[in-house]
Structure formats: C-alpha cells, structure tokens
Amino acid sequence: MSSAALSLRTASRARLPILGGVALVVFLAGFLLPGYLEGGYLQSMLNNGFITGILALCVAFVMHQCGLVLFGIATYYGLAAYACAILVNSFGFSAMAAAALALLITLAAAFLVGAIVIRVKPLAFMMICLSLAELMRHLVALPSLRKTTGGSDGLLFMPEGRVFGIEAMDLLDPARIWPLIWSATWVIGAAFLIVVSSHFGVRLRAIKENEERMRFSGFNTYWPRVFAFAGVGLAAGVAGVIQALASGFASPEMFSIITSTNALLAAITGGVSSVVGPVMGGVLYTWAISEFGAMGYSQLFTGIAVILVILFIPRGLLHPLRLLLRKGGRA
Amino acid sequence: MIRVENLTVAYGAFKALTDISVDLGQRGQVHSIIGPNGAGKSTFMDAIVGKRRPSAGRIFYKDRDISRETIQWRRKNGMARSFQKTSIFPGLTIFEQLDLVAKHLDEPDLDAIIDTMDLREVLNVEATRAAYGVQRRVDVALGLIGMPDILLLDEPGAGLSAEETANLFRHLRKLAAERNIAAVVVEHDVEAVFALSDVVTVLDLGRHLATGTPAEIRANPQVVAAYLGTAA
C-alpha cells in the first residue's frame, strides 16, 4: 500500500469507533420504540415512513452513485409483494420461504431490467423505468389474471409459519412488524454505506463522473452499474415483501407512479448524499402527507413543502442538521 | 511499437484521414504529431486508441492487428492516453482517482507517479477544485498508471502557458526515459515540439505529409509550405 493511501485511510478511520458506538445505541433503542408510541396509528405511520424511507434510500443510491433518476422503484417494490402473495396463495409456500423466493425473483428481474436500461441515455432510463412500473400495474390488474393476482382489487393472502421467529399472522400488528422494518432499514442502509465507501462505490461514482475516462483506464463501465441496479431492486423488494407481510395484501397501487414519486421526493427532501437523509425524508414525507391529508389538502401542502425544500435547502433537510451538529461539536 | 497501415477514417462522405501509413512509438522516445487545424490529428489519435473504428486500413500494436480490439483491451495491454480536453473525475479527490485506477491496473509504484507529476501536496483536493495545470498533470498521471508501454497525449499543453507546456514536456521526456515508455504527442506548440521531440510526424488535410527528426521536418519544403511557413 502506498504511503499516501495509508495516511488518508488512517485519518478517515479515526472517528469510526465513536460513530459505531452511537449507531449501536440508536439501533438497539429503536426496538423499544413501540412501547412509547400510543396507539397503532402512530406506529403504522412510522412503519409506512420507514418503508418509504427504504425506497427513498434506493432512489438516492442510484442518484448519488450512478447519476441516474430512478423513477420506477415501484416495479421491484410491487413485484416482490406480489411474488410473495402469489407464492403463498397459489403454491402454498410458508411466509419465510415465499419471502425469500420473492426476493430472488425480484433480484433476477432487476438484473435483467438493469442489463437493458443501463445502456440507454439518462432520460430514456427514467422513462423506461417509469413505463415498466405502469406496465406492471396494468398487468396485475388484468381480468384474465384475476385468479392469480386478484385483478384490480389486489391480492389478499394469509401467510403461515414464522418470519425471523415471529408468527407470520402477528406481523399484521404494526408493533410486531416494527422490529423487522427497523432491522431491514439498518441492514439496507449499512449495505449501501459499505458499498459507497468501498472500491466498488468509488468505481461507480467514477463511471458517473467520466465514463469515457473509465473506459480509457481499462474499466468495464457496464456491469458494475448493472450489479448496482440489481442490488437496488433487491432492496426495494425487501420493502415490498415487508409491506405485503404487514398488510397481508398486495395491491396494483404498489406499482403506481405515486409510489415512485413519493420515494423520489422523500429522497430529495432528506438529501441523497447520505443514508440517514432518505430515511428521514421518508418518515417526514409520510407524516406530512398524513397530516396535510387530515386537513384535506394533502397534495397542495405537500407540493408546497417539497418546492420550498428544493429551493431553499437543495441538499436536503439533513444538511443543515449536520452543519448544526458540526458547529456544536467544534464549540 | 505501433504500425499504421493505409488507415482511412471517414465520417459519412468526409474522409478525416486518408491512407495513412506510419510507424510510431519507439521506447524512450517522444514522437509528436503536428499539423494545422483540421489535419486529422485527434482523429488519428482516436483511431489508434480505439475510439474511432478505421473505415479502411489496419493498426498493429506489437505486431498484432488491434483494429477491432476494444478500448479496455488496449489499455490493459499497455496503451494509455490523455485527452485534449482534460478528462479526469471531477467529483473524486486526486488520490481517490489515482488509487482507483492504480488498483485496477496493478500499478506497483503509485508514489513514484505522484511524485514525478508533482501531485503529493494536492492529493486530498477534489479534482474540480484543483488549478487547471494540476488537472492536466492528473490527466497525464492517470495515463501513466499501470506501466503502459505507450502513452498517447492529445494536446497536453492545451490551456497551459508556454512555461507550463515546456515543464510538462520536460516531465514527459523524463518519464519516457525513466519508465522506458514511448510517448506520442499531438501538440500545437511547434516550438515545444521541436525542442523536446525525438521524431515528428506532420499531417495535413487528413494525409501523411512527412515523418522525421525535428531538423529534417524544419528543412522539409512541403512541411514549410503547408504548415510551418515562417515559423520554421
């Protein structure tokens, strides 16, 4: 290893134990949250916020690492949910087996789609991803597939068996599924963080910065992005499976443009350059929709709020918080 | 090291290069390509590194026909280039980008390249924030990684002052000698080219006009008439 590399790595690793300790405390404390939330409504909103947060993480990752706007994350979210529900209903799989196989199917689908869309220009990438989600929404609602997919009514399913030690039917209780959502968010966030900090992550960003120079440096610029896309699809699939298990239901609306838009706006609201920002954006965005919805002005107020954030805090809500923390640290 | 045989590159009906045959790239030497605007210098460079497919003719590298090989293959087999317009990774620090390429190409001595190109003081600087001269040196450094056998530089002095260009050429001569690599340079600055090149090739309107030592080229009446004029 060169001396330059050594000095840089030593400097960046100095703060790791402190950050790791804080993260561990927050992670453990999160499991105690349901005891402090009064009623299922708040818990449900939090659950939805974190699921949107996972989708926002996916969108932010693709934006930050590949420079692409993923406007069709709903494809993998909905696909995993439907695959899980169909495997339980039509093939008699246990909840855990259905979830695992649904994720494999989603990973394979994301890989195949990635292999095609990564080749095209950014605008075409955005439009193909969006169109694919809409195509899936119509596909599952087809009357001819009603027996399997439930048509436009969606698909109810009754999972059996245990998922990570929890009885599948108990997961319909918002407080019981919370540990699963909380853990999944951390695992996905940590996985993205590891990738971003890794040699592979630098390679992805370098391709985003200057693809031609990467090719002239001897790199294959195609497969890393396909793998990244497949990984993001898998992460969105995790959110889809959890949502399906939390509601015992897969709906065509999971593929809708609203799902993709919510994830994108949540990512922008929180900030795309960290793993905390998109999750925070997901929770805030879900809360805002719920609160503004109660007043009857959901779209109006949410739209105004998003415009204000983009205009005045373009790096997302986490950015000023970070600056404040840094200032506090120096003082 | 590189043999170009009857190379023609056409954009539709327009021929940017016509029937060029020339040998390039003696180890330890600087071989410059000069010519007026529109002579086809950059297209020639692009064809050699695989960015443009020849319409006719063949390119040999170490006696192998590489006309259909990919850019990645050429780079991994010792052919590196820098660009007329600086081509680096603006969002990465200078160290991040050098380290990324060094790991990929198994560069054994990145520190030596960092020191030779005088980049140690700016390693932690995001490339986009570095001075233009530094960015040019990063561009060349990226080409030097992986012990290339031949380094092709497209107008390395573009945007630099005469003094900076002369310095860059001195670096190149030193590198060519120290690492025993061949440097092929497309450059507009005729004085720098004649002062620091071992061999010069002149292109004009997509055709090969002459190849020789700087003294031979200065004395070539065709070159004087087509390009050098009173500059010679």
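Protein chains in written order, with the working numbering: chain A, 1 to 331; chain B, 1001 to 1232. All residues carry an ideal CB built from backbone N, CA and C; glycine is no exception.
Boundaries of the alpha helix (DSSP H) harbouring TYR285 (chain A): 276 to 295, taken from the DSSP string. The C-beta of PRO1156 (chain B) comes no closer than 8 Å to any C-beta of chain A. With respect to GLY1143 (chain B), LEU1105 (chain B) sits apart: the two C-beta atoms are not nearer than 8 Å. Assignment of alpha helix (DSSP H) within the region 1127 to 1202 of chain B, counting only whole runs of 4 or more residues, yields 1132 to 1144, 1162 to 1178 and 1190 to 1196 in chain order. By the rule that beta-carbons nearer than 8 Å mark a contact, ILE1088 (chain B) touches chain A. A straight line joining the alpha-carbon of ASP153 (chain A) with that of ILE1071 (chain B) spans about 52 Å.
The closest CA to that of VAL1049 (chain B), considering only B:ALA1010, B:ILE1066 and B:SER1055, is found on B:ILE1066.
Around GLN1072 (chain B), the beta-carbon contacts reaching into chain A at under 8 Å are ARG215, GLY218, PHE219 and ASN220. DSSP places LEU87 (chain A) inside the alpha helix (DSSP H), whose first and last residues are 74 to 91. Taking the CA atoms as reference points, LEU1228 (chain B) sits about 28 Å from PRO1054 (chain B). Rounded to the nearest angstrom, the gap between the Cα atoms of ILE51 (chain A) and VAL1101 (chain B) is 37 Å. By DSSP's assignment, VAL1122 (chain B) forms no beta bridge with any residue. Of the residues assessed, PHE255 (chain A) falls on the buried side of the cut-off, its CB having 16 or more other CB atoms within 10 angstroms. Where GLY1057 (chain B) is concerned, the enclosing beta strand (DSSP E) starts and stops at 1056 to 1061.
When the beta-carbon positions are compared, ALA95 (chain A) and GLY40 (chain A) stay at least 8 Å from each other. A direct Cα-to-Cα measurement between SER217 (chain A) and ARG1137 (chain B) gives close to 16 Å.
Bounds of the beta strand (DSSP E) holding ASP1023 (chain B) are 1014 to 1024. The C-alpha of LEU1092 (chain B) is placed about 35 Å away from the C-alpha of ALA80 (chain A). Per the Cβ contact rule, the region 1022 to 1037 of chain B is in contact with the region 1198 to 1214 of chain B (3 or more Cβ pairs under 8 Å). PHE1089 (chain B) has its alpha-carbon roughly 8 Å from the corresponding atom of ARG213 (chain A). Residue contact with chain B for GLU209 (chain A): present (Cβ-Cβ distance below 8 Å to some residue of chain B). In terms of Cα proximity to SER1021 (chain B), the closest of B:ASN1220, B:THR1213 and B:LEU1203 is B:LEU1203. LEU265 (chain A) is positioned such that its CB atom lies closer than 8 Å to that of TYR285 (chain A).
Within the region 1085 to 1114 of chain B, those residues whose Cβ lies closer than 7 Å to any Cβ of chain A are, in chain order, SER1087, ILE1088, PHE1089, PRO1090, GLY1091, LEU1092, PHE1095, GLU1096, GLN1097, ASP1099, LEU1100, VAL1101, LYS1103, HIS1104, LEU1105, LEU1110, ASP1111 and ILE1114. Non-local beta-carbon contacts of GLY1159 (chain B) in its own chain, meaning distances under 6 Å to residues more than five positions away in sequence, involve TYR1132 in chain order.
In this structure, the alpha-carbon of ILE310 (chain A) lies about 15 Å from that of MET280 (chain A).
Take the alpha-carbon of SER247 (chain A) and the one of ALA168 (chain A): they are about 11 Å apart.
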